[in-house]
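Okay, structure first, notes after.
There are 2 protein chains.
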Amino acid sequence: MSKRQDVPGTASRILDVAEGLVQTRGFNGFSYADVAAELQVTNASLHYHYRGKAELGEALITRYTSRFGQALDAIDRAGDAAPVKLAAYSRIYADVLRQGRMCLCGMLAADYDTLPDAMRSAVVLFFDASERWLVRVLEQGRADGTLEFTGSVVEVARSIVSGLEGALLIARPYGDVSRFEAAADRLLAGLATSPARHH
Amino acid sequence: MSKRQDVPGTASRILDVAEGLVQTRGFNGFSYADVAAELQVTNASLHYHYRGKAELGEALITRYTSRFGQALDAIDRAGDAAPVKLAAYSRIYADVLRQGRMCLCGMLAADYDTLPDAMRSAVVLFFDASERWLVRVLEQGRADGTLEFTGSVVEVARSIVSGLEGALLIARPYGDVSRFEAAADRLLAGLATSPARHH
DNA sequence: TATGTTACTTACTAATAGGTAAGTCGTCAA
DNA sequence: TTGACGACTTACCTATTAGTAAGTAACATA
Chain H
1 MSKRQDVPGT ASRILDVAEG LVQTRGFNGF SYADVAAELQ VTNASLHYHY RGKAELGEAL
61 ITRYTSRFGQ ALDAIDRAGD AAPVKLAAYS RIYADVLRQG RMCLCGMLAA DYDTLPDAMR
121 SAVVLFFDAS ERWLVRVLEQ GRADGTLEFT GSVVEVARSI VSGLEGALLI ARPYGDVSRF
181 EAAADRLLAG LATSPARHH
Chain G
1001 MSKRQDVPGT ASRILDVAEG LVQTRGFNGF SYADVAAELQ VTNASLHYHY RGKAELGEAL
1061 ITRYTSRFGQ ALDAIDRAGD AAPVKLAAYS RIYADVLRQG RMCLCGMLAA DYDTLPDAMR
1121 SAVVLFFDAS ERWLVRVLEQ GRADGTLEFT GSVVEVARSI VSGLEGALLI ARPYGDVSRF
1181 EAAADRLLAG LATSPARHH
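Same order as they appear, the protein sequences are chains H and G.
According to our numbering, the stretch in the first sequence is residues 1 to 199, in order.
According to our numbering, the stretch in the second sequence is residues 1001 to 1199, in order.
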């Protein structure tokens, strides 16, 4: 019933290594051999767990999206005001950058033209899910007066996603987390009402 | 003294093709063979004009940066108000997207970890040049009252660069130029004072 | 104890990668 | 007209790519 070994299991350790490689080098910037070498298994062993690079890529996005969703759920459960939720959201990105990584799906957005169809759809689903969560937070914040903005909620949600992804993208060549933080803070500061005005 | 043929010349046609490939597929998503096939020359001919992929990449960034600089000079020569200049700046990005492309240096920012040193420096120079131009425009706009913003000019300039690059990045999976435009408009609308207030 | 099943390995393969050495062919200046 | 030069091509080469076929050792179940 349970796995023989409860050390993570090769399938998920393959995902761990591949995830890091995609987030730093892109989907066309790593090979099965890179993953195999780091795990000290053979190339063929990877093919046992994931039929091909396309399937590995799909599994990568699926797991990443589900973990991201869990992080968003955790933010929801904390039950803070909308501006605090948005700050927590941007902290997810900052943490990725602190590991010297790009957002997995941001990286794959750059590689989009070269991706197999199943991966393309999965990337879009990630951004859609992010957008839906942000829309809910923005609506909450506007309703309770903690957020203030012009234009549609969807447009604001999209500009947050693209603003944070862009800030990640540009911060990496400069190796400078504070560059990301400054951009993220500006982005979100433009939405929050001054604390005095709340309620 | 002048070229035998004034049809573009192979060296620059190589750059044209490679540029398109990098902007759509990334630096690790194309090969010398792809470029050679499209130009109907041999692989070895590319090596004659550019010693290796690293040198080709460098030439690509240098030309792109210089063309970008020319576009910025043209905006300056038009002598419009700062908000108009910023709109023209964002139009450069929109035009790239309309060709189904990512900004060359935005794409290379994603590939950054895999790039040779010379290419890395050149990418950073591109962003620095963009930032310097934006800083001048922002200072001009603040001085003449056409722009209004909190925080340092440099931070605003950086948030414009990363905001536009991110909007490009995310718009491509959706194949939707209007997604970019909406984000770009929001980004710049937050800086302009209402026309009535000018001077 | 036979029969699977899981998680691999060894030993390949064909295609593609970037790159090189040596030659060819037309043009041009002396 | 000769010889140098620019712009290539032919013919390689080696490493790496993703991927496969067949086997095996360890365990589990009946």
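Glycine residues also receive a C-beta, built at the ideal position from the N, C-alpha and C atoms.
Since this is a predicted model, take the numbers as computed values, not measurements.
Check your understanding: In terms of alpha-carbon separation, which member of G:Leu1168, G:Gln1040, G:Ala1192, G:Val1017 lies closest to glutamine 1140 of chain G?
Key -> Nearest C-alpha to glutamine 1140 of chain G among G:Leu1168, G:Gln1040, G:Ala1192, G:Val1017: G:Ala1192.
Review point. Does the beta carbon of threonine 62 of chain H sit closer than 8 Å to a beta carbon anywhere in chain G?
Key: So no, threonine 62 of chain H is outside the interface.
**Study point:** Distance between beta carbons of alanine 81 of chain H and threonine 146 of chain H, contact taken as under 8 Å
**Key:** That belief holds up - the Cβ atoms of threonine 146 of chain H and alanine 81 of chain H are roughly 5 Å apart, short of 8 Å.
Exercise for review: Could you tell me whether any Cβ in chain G is nearer than 8 Å to the Cβ of arginine 197 of chain H?
Suggested key: With a pLDDT of 47 at arginine 197 of chain H, under the threshold of 50, the modelled position of that residue is not reliable, and the figure given next carries that caveat. No, no contact with chain G.
**Study point:** Contacting residues, own chain, Cβ-Cβ under 8 Å from threonine 10 of chain H (five flanking each side not counted)
**Key:** Leu39, Val41, Ser45, His49, listed in sequence order.
Review point. Just to check, is the beta-carbon of alanine 184 of chain H closer than 7 Å to a non-hydrogen atom of the ligand SAH?
Key: Summarising the ligand content, the structure contains no ligands, and the ligand SAH is consequently not present.
Review point. Which bits of chain H does arginine 1132 of chain G rub up against, with CB to CB less than 7 Å?
Key: Within chain H, no residue comes near arginine 1132 of chain G; the closest Cβ sits about 15 Å away, beyond 7 Å.
**Study point:** leucine 21 of chain H, DSSP secondary structure in three states
**Key:** In the three-state scheme derived from DSSP, where H, G and I count as helix and E and B as strand, leucine 21 of chain H is classed as helix.
Practice item. Mind checking which residues open and close the alpha helix (DSSP H) that includes valine 1153 of chain G? Key: Segment 1153-1174, the alpha helix (DSSP H) holding valine 1153 of chain G.
Check your understanding: Tell me the DSSP bridge mates of alanine 1192 of chain G?
Key -> According to DSSP, alanine 1192 of chain G bridges with G:Leu1147.
Review point. Going straight from the alpha carbon of tyrosine 93 of chain H to that of glycine 1151 of chain G, what length do you get?
Key: Computed Cα separation, rounded: 22 Å.
Exercise for review: Locate the alpha helix (DSSP H) running through alanine 1054 of chain G, then write down its first and last residues.
Suggested key: Run containing alanine 1054 of chain G: 1053-1078, per the alpha helix (DSSP H) assignment.
Practice item. Please name the residue, chosen from H:Arg158, H:Val153, H:Leu97, H:Gly166, that lies closest to arginine 128 of chain H on a Cα-to-Cα basis. Key: Residue identity differs from the one stated: residue 128 of chain H is aspartate in this sequence, not arginine. For the residues H:Arg158, H:Val153, H:Leu97, H:Gly166, the minimum Cα distance to aspartate 128 of chain H belongs to H:Arg158.
Check your understanding: What's the C-alpha gap between arginine 1051 of chain G and leucine 1188 of chain G?
Key -> In this structure, the straight-line span from the alpha carbon of arginine 1051 of chain G to that of leucine 1188 of chain G is close to 42 Å.
Review point. For tyrosine 112 of chain H, which residues in chain G fall below 7 Å Cβ to Cβ?
Key: Under the 7 Å cutoff, chain G gives Arg1172, Pro1173.
Point to revise | Three-state secondary structure assigned by DSSP to aspartate 111 of chain H | key: Three-state result, aspartate 111 of chain H: coil.
Check your understanding: Exposed or buried, which one is alanine 78 of chain H when buried takes at least 16 other CB atoms within 10 Å?
Key -> Exposed, because fewer than 16 other Cβ atoms sit within 10 Å of the Cβ of alanine 78 of chain H.
Review point. In the structure shown, what three-state DSSP assignment does tyrosine 1089 of chain G receive?
Key: DSSP places tyrosine 1089 of chain G in helix when its eight states are reduced to three.
Practice item. Out of H:Phe180, H:Leu21, H:Arg172, H:Val123, state which residue places its alpha-carbon closest to the alpha-carbon of phenylalanine 68 of chain H. Key: For phenylalanine 68 of chain H, the closest alpha carbon among the candidates H:Phe180, H:Leu21, H:Arg172, H:Val123 is that of H:Val123.
Check your understanding: Taking only beta-carbon atoms, is alanine 167 of chain H less than 8 Å away from chain G?
Key -> The beta carbon of alanine 167 of chain H sits closer than 8 Å to some beta carbon of chain G.
Review point. So which residues of chain G does phenylalanine 127 of chain H contact, with C-beta pairs closer than 9 Å?
Key: For phenylalanine 127 of chain H, the C-beta contacts it makes with chain G under 9 Å involve Ile1170, Pro1173, Tyr1174, in order along the chain.
Review point. I think leucine 134 of chain H touches valine 161 of chain H, with their Cβ atoms under 8 Å apart; what is that distance to the nearest whole Å?
Key: That belief holds up - the Cβ atoms of leucine 134 of chain H and valine 161 of chain H are roughly 7 Å apart, short of 8 Å.
Check your understanding: Counting only beta-carbon atoms, is arginine 1051 of chain G nearer than 8 Å to chain H?
Key -> Contact of arginine 1051 of chain G with chain H is not assigned, every C-beta pair being separated by 8 Å or more.
**Study point:** Inter-residue Cα distance where the pair is glycine 163 of chain H and cysteine 1103 of chain G
**Key:** Near 15 Å, if we compare the C-alpha coordinates of cysteine 1103 of chain G and glycine 163 of chain H.
Check your understanding: Which residues in the same chain as isoleucine 1014 of chain G place their Cβ atom closer than 8 Å to its Cβ, once the five residues preceding and following it in sequence are excluded?
Key -> Within its own chain, the residues whose Cβ lies closer than 8 Å to the Cβ of isoleucine 1014 of chain G, once the five positions on either side in sequence are excluded, are Val1035, Leu1039, Leu1046, His1049, Tyr1050, Leu1056, listed in chain order.
Practice item. Starting from the Cα of arginine 186 of chain H, find the closest Cα among G:Glu1165, G:Arg1172, G:Val1153 and give me that residue. Key: Arginine 186 of chain H has its Cα closest to that of G:Val1153, out of G:Glu1165, G:Arg1172, G:Val1153.
Check your understanding: Quick one, are the C-beta atoms of phenylalanine 1027 of chain G and leucine 1115 of chain G less than 8 Å apart?
Key -> Against a cut-off of 8 Å, the Cβ pair of leucine 1115 of chain G and phenylalanine 1027 of chain G comes out as a contact.
Check your understanding: isoleucine 1075 of chain G and cysteine 1105 of chain G: beta carbons closer than 8 Å?
Key -> Contact: no.
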